[in-house]
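One structure below.
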Amino acid sequence: MLGGGQAAVSLLTRMAKVAVGLGVAASAASTSFYTVDGGERAVIFDRVRGVLPHTTSEGTHFLVPILQKPFIFDIRTRPHSFSSTSGTKDLQMVNLTLRVLSRPDVEHLPDIFNSLGLEYDEKVLPSIGNEVLKAVVAQFNADQLLTERPRVSALVRESLTQRAREFNIVLDDVAITHLAYGPEFSQAVEKKQVAQQEAERSRFLVARAEQERRAAIVRAEGESEAARLISEATTTAGNGLIELRRIEAAKEIAGVLARTPNVSYIPAGDNGQMLLGLNAAR
Numbered sequence: 001m002l003g004g005g006q007a008a009v010s011l012l013t014r015m016a017k018v019a020v021g022l023g024v025a026a027s028a029a030s031t032s033f034y035t036v037d038g039g040e041r042a043v044i045f046d047r048v049r050g051v052l053p054h055t056t057s058e059g060t061h062f063l064v065p066i067l068q069k070p071f072i073f074d075i076r077t078r079p080h081s082f083s084s085t086s087g088t089k090d091l092q093m094v095n096l097t098l099r100v101l102s103r104p105d106v107e108h109l110p111d112i113f114n115s116l117g118l119e120y121d122e123k124v125l126p127s128i129g130n131e132v133l134k135a136v137v138a139q140f141n142a143d144q145l146l147t148e149r150p151r152v153s154a155l156v157r158e159s160l161t162q163r164a165r166e167f168n169i170v171l172d173d174v175a176i177t178h179l180a181y182g183p184e185f186s187q188a189v190e191k192k193q194v195a196q197q198e199a200e201r202s203r204f205l206v207a208r209a210e211q212e213r214r215a216a217i218v219r220a221e222g223e224s225e226a227a228r229l230i231s232e233a234t235t236t237a238g239n240g241l242i243e244l245r246r247i248e249a250a251k252e253i254a255g256v257l258a259r260t261p262n263v264s265y266i267p268a269g270d271n272g273q274m275l276l277g278l279n280a281a282r
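1 is the number of the first residue of the sequence shown in UniProt numbering; add one for each residue after it.
Written out as structure tokens, the structure is:
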């Protein structure tokens with residue numbers, strides 16, 4: 001019985017050693033492999049050689065445990081938005097919001113890791129974005145930012161793309177999503193519109209006065225020509241024309257008075273007293 005117990009203990013000891021060996025082997029195997037998912041790349045840091053100059057694509061790969069460590073980069077395009085308050089050429093303050101779609105340059109991932117680390121975009125994009133916005137906005141007046149917005153966006157896109165290239169960052173799209181002026185500029189625009197309306201009204205009044213002046217001149221010239229013609233006719237034919245005009249005017253007045261019910265005509269002389277029922281003898 002004693003020999004059988006020793007054999008069982010020996011068997012259990014060997015099994016434990018085998019289990020420990022398998023566990024160590026499994027642990028070593030798990031630390032010797034790493035997986036890179038789709039849309040990602042890996043940069044390997046070697047404790048002896050430093051950051052390796054090549055990147056690793058998708059899949060499961062081997063590394064030397066303890067000596068090497070993988071760092072995973074997301075190479076898919078990601079959106080970033082940031083705001084900036086910039087001064088225009090005419091010293092107006094403008095609030096702008098810029099949206100960019102960025103991704104790292106895969107061929108330069110080791111350089112990005114060495115200089116910026118995994119959070120490269122958060123360290124670089126807000127800084128160069130504010131720099132470019134301030135430089136571009138300072139070239140335009142406040143009203144030009146609205147009337148020439150496509151040109152402003154193109155300049156921002158070109159300048160920001162060039163600056164991002166210096167940090168091995170690729171920009172797929174750059175757009176100004178929001179543009180707002182300060183209250184001072186809004187008040188100035190309102191005052192300018194009011195002034196323009198007043199100027200238009202003043203121009204209208206001047207034009208109307210000019211037309212009235214010309215009409216008065218034409219009427220005066222017409223009256224002067226009529227007087228001249230009448231004077232010539234009077235000189236040539238005597239006062240007959242004037243008498244004719246007087247008779248015509250009297251006829252027209254008499255016609256108007258005859259058609260008016262509130263007007264009564266009383267002849268002059270004694271006949272007028274008879275019409276009123278008055279007698280001088282009484």
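Every residue, glycine too, gets a C-beta built ideally from N, C-alpha and C. These numbers were taken from a predicted model, which means no experiment stands behind them.
Exercise. From A216 to E210, what distance separates their C-alpha atoms?
Worked result: Working through the sequence shown from its first residue, we reach residue 216 at position 216. Working through the sequence shown from its first residue, we reach residue 210 at position 210. So the alpha carbons of these two residues sit roughly 10 Å apart.
For this session: Below 6 Å CB to CB, which residues in the same chain sit around residue 322 once its five sequence neighbours on both sides are set aside?
Result: Only positions 1 to 282 of the chain appear in the structure, and residue 322 is not among them; the question remains open.
For this session: Return helix, strand or coil for F167, following the three-state DSSP convention.
Result: Counted from its first residue, the sequence shown places residue 167 at position 167. Residue state, collapsed to three classes: coil.
For this session: Measuring alpha carbon to alpha carbon, tell me which of A42, I66, R76 ends up nearest E58.
Result: Here residue 58 refers to the residue found at position 58 of the sequence shown. It is A42 whose Cα lies nearest to the Cα of E58.
For this session: Identify the continuous beta strand (DSSP E) that holds N95 and give its terminal residues.
Result: To locate residue 95, count along the sequence shown from 1; it is residue 95. From DSSP, the beta strand (DSSP E) with N95 extends over 93-104.
For this session: Hey, could you find the ends of the beta strand (DSSP E) P70 is sitting in?
Result: Locating residue 70 in the sequence shown gives position 70, counting from the first residue. From DSSP, the beta strand (DSSP E) with P70 extends over 68-74.
Exercise. Thinking C-alpha only, which one of R245, A175, L155, R219 is nearest S81?
Worked result: As a working mapping, residue 81 is identified with position 81 in the sequence shown. Nearest of R245, A175, L155, R219 to S81, Cα basis: A175.
Problem set entry | Sequence-distant residues of the same chain with beta carbon closer than 6 Å to V170, five excluded per side | Indexing the sequence shown from 1 puts residue 170 at position 170. Counting only Cβ-Cβ distances below 6 Å, and skipping sequence neighbours, we find R103, D105.
Exercise. Which parts of the region 98-157 are runs of the beta strand (DSSP E), unbroken and 3 residues or longer, counting only runs that do not cross its ends?
Worked result: none
Exercise. According to the neighbour-count rule (16 or more other Cβ atoms, all chains shown, within 10 Å of its Cβ), is A226 buried or exposed?
Worked result: Here residue 226 is taken as the residue at index 226 of the sequence shown, counted from 1. A226 is exposed by the Cβ-count criterion.
For this session: Apply the 10 Å Cβ neighbour rule to A249 and answer buried if 16 or more other Cβ atoms are within range, or exposed otherwise.
Result: By one-based count along the sequence shown, residue 249 stands at place 249. It is exposed - the Cβ of A249 has fewer than 16 other Cβ atoms within 10 Å.
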